[in-house]
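Below: the structure, in structure tokens.
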Ligand SMILES: Cc1ncc(C[n+]2csc(CCOP(=O)(O)OP(=O)(O)O)c2C)c(N)n1
Ligand SMILES: Cc1ncc(C[n+]2csc(CCOP(=O)(O)OP(=O)(O)O)c2C)c(N)n1
Ligand SMILES: [Mg+2]
Ligand SMILES: [Mg+2]
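Protein chains in written order, with my numbering: chain A, 1 to 341; chain B, 342 to 682; chain C, 683 to 1009; chain D, 1010 to 1336.
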């Protein structure tokens, strides 16, 4: 069910984040993260188009949902098992612009994989980001295992895992959700529904109305929220996190959003999306609407907003320069770490 | 949702099968098949205990549901992809007592596999029974493929596939159901919920209330019916079959029942089921209740019922004797049919 | 005869066969409007419609499993796995089901299925868009595996695969798609499954390989020719079942053999090739049977130096050939 | 030292290790109250409770996938796959995930997972309760595979597997469970992963095998001893990584080698063993490298004559040994 709250026009716009227990500082921070996510994403796309990085997978259009979700988590307490688009989430969990750029350039210092994996394959023990791979949905059972292990160790935490709506059709989603349901484990399943699996549109992916309809089959709640509204996502996630920490088990949160870019730098979405559709998508950029909200409720001013943007740009510039110059790994190092050494 | 109809005590007992469009002759045939199924099952169990057949998997307690389901299908038109307990279904689709016994004894003439597979691994092109294997749930996508292929060829038919509730936790169930939902294919997913996956009880298998709750996640209807009542199962299946033939797509029918025997001849269910539970299960044998129904509404008499039983016993005796004496396959024939010859 | 790109040859063969036999259909991720992420199925949905060019939900076990059902019913599905690496979720359907349907039913049912999957590295694909998957399946009775190295074989083996009454894995190398072009016979043209091809005749050493490495080995052989070393070069084309006769004949000719593959060394197809030789032609050998293969690490890192480290190329192959010749 | 059944040795080792390290837990189908369908985990749920002996829903990919997550978090899961044949739905989790977590994270994350799976035939298990699965995994960098043949090794390798910092597949042969018993050291006793064992010393021929076949080969060797043929018999114990040194030493000793395994021949572990020998000890050989393996058919039919046809036994092995000795 679509979360009603998220769809109605808020009566008193300035109060929405207050009600959720978010301070003005918090929402500015959220916005800052959204900008940084977008900035990095745009930069990597440009670098790819300039032939400087071989591959990019973009999260453009999904930042609001990601930041909304990540803010409901606690990076010191919780673990995340993000999918390849979840750049916003790993930034909140502690990765820096430099980390991201080192990964884009596949340099030795890349904390995710030492340049072994494509960008978007996150991982950092320090930041509680569990190493991910390319085959979709394999991380979902891992999240369940993290939750199970934490419970066995007496650690009260939440395991967050994200995936696209297309990936919710994989067996691993089903098996993992069922396992988590049976064992009432503290897992939040976060579906970023951007209405496409590469070129395959929703109607060819799923016949249910919402991916969240699947939760009932695993004995836990599922909600669908507006992923363009970080506060709506935050609210739903907060509830899911509270349930998890309270021993009430898993939840499925589905956020509806649009992928503003092609699937990846190798894709050309004009072959399967109309111009009108692409225009329409651009017309509700979640970053612009959140900026408007913050300006409207006086948390940001035009000036402070501009300053934030500039701060982000500088950070990304520095990171890019650093990463571009950083050394590649040594060829023979490829032989290492198949097993413990 | 539990189908209300199936749970209430029927007001006019004699009218129930009339209302479903079943003649007196039909219900006697159903009962005959139930007896034959039970008789074969009991006999194979005995033969196993006597050391004459190495392995048996029993359908005792599930016959009513199986016969109810199979009677809603058309063996000339439809295809079945039964799971290992679906002895009742393959009998309705044309396998004989002799076929079953040849399979139990693993003889060359076994039409399922020429003695290559364990009993319970059904298959017969002639009878529209698609060859099955041991890993659970793999047949479910095959049923979807049969339905897809039939539609491409312009054949209007139903692909029926059955599985236990435990097997509904496999990824293949999920992926296949979703595929069928998206393509609105004429498939009936029939879940025989006997509340155990070997020793694992429902509460450790699933956290949803009914397996049928999962259907909404695939965009098609799911119902749960009393599997001890062949007429309730028939009614639900008939609706599902009608939907399928009418181009409305798949359905999930879940029948609740009890496994009256251990999981297989290698199992000992006293290690995980209480005496009370086992007594309780025996107290509502679906064959006895259907017999009572038929006697009550005058379709059968004590005498005609006894005659049916005797007929079945004779058939099974003949089949057993034949199969026991039948030759094994030649050893070197094991090399054949890896590929087409 | 037309000179065609490898990828176009696959596309055209598929199209021709779909025109010829309306039981042939395509199912996979993005095979429809997008025409496949590599564009192999481009234009097919326009010509054959949504019913025969099916954009499947993202679920490989279902893609293969549904295709198996359709094959059992008598159609000829050509399932596409977007990257060979993503065949792994479908392994149970392939090994437990497709491979065993005929055998377990004592020849009553069968599974005339083709699974196409782009494989191989050197394309900045990193760990999960670079792997060679043939070794996972060559051990499985009931599966055939073809791996064309040329545009002509790409056609001839695809037609054979589709017409084969049993399941065939058709691995196409991503790096060949738009690099290799050669003459492809028009119309009816099949290459028999299970037959190797002699690429070069020679007397000094024998090189046995398949896939992308055929081209690197050819280059290496031409290099060595200049150095006076003549190479018998065999392209296996089919890695299951192996063409033992061709392998043994080529080995007997020179007495020195180098087996080359991109895939990891241990337990690769090269191990079986070597074992066949050691069993049947041991006394024809003048040198140890050598294998030059990918190292035993997950294939392959994303960063260019380590990707290059993993990948074989004509120099590395030439080096191994020189060593063997000098033995 | 106590003489124990193979199955009891596995049970006891698991129990000891769970007592010693409360990070060790068991997850699988029917491992709880039922104690496993073979009873390997009998009594564990009573001693360690439901939290550490987890009856999983019927879904192998989740069993392995959840265990991987728990291992990444620092626990030591011992996942049970009820029959090795049913590991196939979990192949993606094993190959894409468990095997690559350390590598892909550049040593940041790891996966100290054990997957136990009863394998092998001769037990009326038919096509899907009889298979040997090791060849599917021995090719995969990042996975170790142990296959104990004795009760002592069953213990020693299980402890090593659980303590190993990386994923280990532990295949236990169903036919050994209640057939084989031998002396098992009490308390701390580990057998190093990657080390073969010399079962018999001899001078005429070398037999290399593992699993159930160790016992049939031993019987065959004793038979041949009476005929004056002395056998060097190697039990590999670990099939990945292979103990090349032990293999080469044993081959060099006799110059004649027979590789035996129950699994299908083509692309089996024996192919790699043969290829290692052909690469490193070719000139020590006095006879072709022979392999005696299961035939290349789906292993194995249910009916007794065809099951016996598939399975190797001491006579079939003795026959191959005689032939080799006479070469
Ligand atoms: C098992 C597997 N199959 C195929 C792919 C190739 N692939 C990568 S992303 C993708 C689509 C994913 O769609 P969705 O889950 O909706 O996520 P989105 O990319 O839209 O965010 C596909 C098919 C893959 N990575 N893994
Ligand atoms: C993939 C796979 N895993 C495990 C098994 C072993 N096994 C056979 S039946 C069974 C339980 C099935 O339970 P359910 O689906 O409820 O069917 P039921 O036997 O209760 O009718 C198990 C675990 C199997 N056959 N296949
Ligand atoms: Mg999507
Ligand atoms: Mg059940």
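The C-beta atom is built at its ideal place from N, Cα and C for all residues, glycine as well.
Predicted model, so just to flag it, every value in this text is computed and none were measured.
ask   = Can you list, in chain order, the residues of its chain whose CB lies under 8 Å from that of residue 377 of chain B, leaving out five sequence neighbours each side?
value = 432, 438, 653, 656 and 657
query = What is the residue span of the beta strand (DSSP E) that residue 800 of chain C lies within?
reply = 796-801
request  = Please list, in chain order, all residues of the same chain as residue 489 of chain B whose beta carbon is under 7 Å from its beta carbon, the five residues on each side excluded.
outcome  = 524 and 526
Burial state of residue 1222 of chain D, where buried means 16 or more other Cβ atoms lie within 10 Å = buried
query = Taking the alpha helix (DSSP H) that residue 515 of chain B falls in, what are its first and last residues?
reply = 512-523
task = On a CA-only basis, which of D:1190, D:1209 and D:1092 is nearest residue 1178 of chain D? Give me that one, please.
result = D:1092
key: Coarse secondary structure for residue 1086 of chain D, derived from DSSP in three states   = strand
request  = Anything in chain D within Cβ reach of residue 946 of chain C, meaning under 9 Å, just list it in chain order.
outcome  = 1148, 1149 and 1150
ask   = If residue 404 of chain B and residue 627 of chain B are in contact, beta carbons under 8 Å, what's the gap, nearest whole angstrom?
value = 6 Å
query = Closest Cβ-Cβ distance between residue 568 of chain B and chain C: below 9 Å?
reply = no
query = Is DSSP giving residue 288 of chain A helix, strand or coil here?
reply = helix
query = For residue 1015 of chain D, which residues from the same chain have a beta carbon less than 6 Å from its beta carbon, with the 5 sequence-adjacent residues on both sides left out?
reply = 1160, 1163, 1185, 1186 and 1189
query = Which same chain residues, not among the five before or five after residue 982 of chain D, have their C-beta less than 6 Å away from its C-beta?
reply = Lying before the first or after the last residue shown, residue 982 of chain D is absent from chain D, which here runs from 1010 to 1336.
ask   = So does residue 538 of chain B have its beta carbon nearer than 8 Å to some heavy atom of ligand 4?
value = yes
key: Collapsed DSSP secondary structure at residue 563 of chain B in the structure displayed   = strand
query = What do you reckon, is the C-beta of residue 505 of chain B under 8 Å from a heavy atom of ligand 2?
reply = yes
query = Rounded to the nearest angstrom, how far is the Cβ of residue 982 of chain C from that of residue 892 of chain C, given a contact under 8 Å?
reply = 18 Å between Cβ atoms; not a contact.
query = Going by DSSP, which residues form a beta bridge with residue 503 of chain B?
reply = B:531
query = Among residues of its own chain, excluding the 5 on either side of residue 68 of chain A, which ones have a beta-carbon nearer than 6 Å to its beta-carbon?
reply = 230, 233 and 234
ask   = Can residue 765 of chain C be considered in contact with ligand 1, in the sense that its beta carbon sits closer than 8 Å to one or more heavy atoms?
value = yes
task = Mind checking the segment 773-785 of chain C against chain B and listing, in chain order, the residues whose C-beta falls within less than 8 Å of any C-beta there?
result = 774, 775, 778, 779, 782, 783, 784 and 785
request  = Have a look at the DSSP bridge pairing and note the partners of residue 256 of chain A.
outcome  = A:193 and A:226
key: Minimum C-alpha distance to residue 1209 of chain D - residue among D:1196, D:1245 and D:1198   = D:1245
ask   = Okay, do the segment 409-421 of chain B and the segment 499-510 of chain B touch, 3+ Cβ pairs below 8 Å being the bar?
value = yes
request  = Closer than 7 Å by beta-carbon distance: list the chain A residues that pair up with residue 979 of chain C, in chain order.
outcome  = 334, 335 and 338
task = Look at residue 1299 of chain D and residue 1267 of chain D and say whether their C-beta atoms are less than 9 Å apart.
result = yes
ask   = Which residues bound the alpha helix (DSSP H) around residue 1339 of chain D?
value = Given that chain D is displayed from residue 1010 to residue 1336, the structure contains no residue 1339 of chain D and the question cannot be resolved.
message = Can you pull out the residues from the segment 1157-1187 of chain D whose beta carbon lies closer than 9 Å to at least one beta carbon of chain A?
response = 1173, 1174 and 1175
task = Assign residue 847 of chain C to one of two classes, buried (16 or more other C-beta atoms within 10 Å of its C-beta) or exposed (fewer than that).
result = exposed
ask   = Which whole-angstrom value is the C-beta distance of residue 1168 of chain D and residue 1198 of chain D, which I expect to be below 8 Å?
value = 7 Å
ask   = Once you ignore the five residues that flank residue 683 of chain C on each side, which residues in its own chain have a CB closer than 8 Å to its CB?
value = 865, 866, 867 and 868
ask   = Taking the alpha-carbon positions, what's the residue 5 of chain A to residue 1117 of chain D distance?
value = With a pLDDT of only 44 at residue 5 of chain A, under 50, the local geometry of the prediction cannot be trusted, and the value read off the model is given with reservation. C-alpha separation (whole angstroms): 41 Å.
inquiry  = Just to confirm the assignment, what range does the alpha helix (DSSP H) spanning residue 810 of chain C have?
reply    = Counting along the chain, residue 810 of chain C falls outside any alpha helix (DSSP H), and DSSP gives it neither H nor E.
ask   = What does residue 204 of chain A touch in chain B if you count any residue whose Cβ is under 7 Å from its own?
value = 523
request  = Could you tell me which of B:669, B:677 and B:640 sits nearest to residue 442 of chain B, measuring between CA atoms?
outcome  = B:669
Within chain D, partners of residue 178 of chain A - CB distance below 8 Å = 1066, 1068 and 1071
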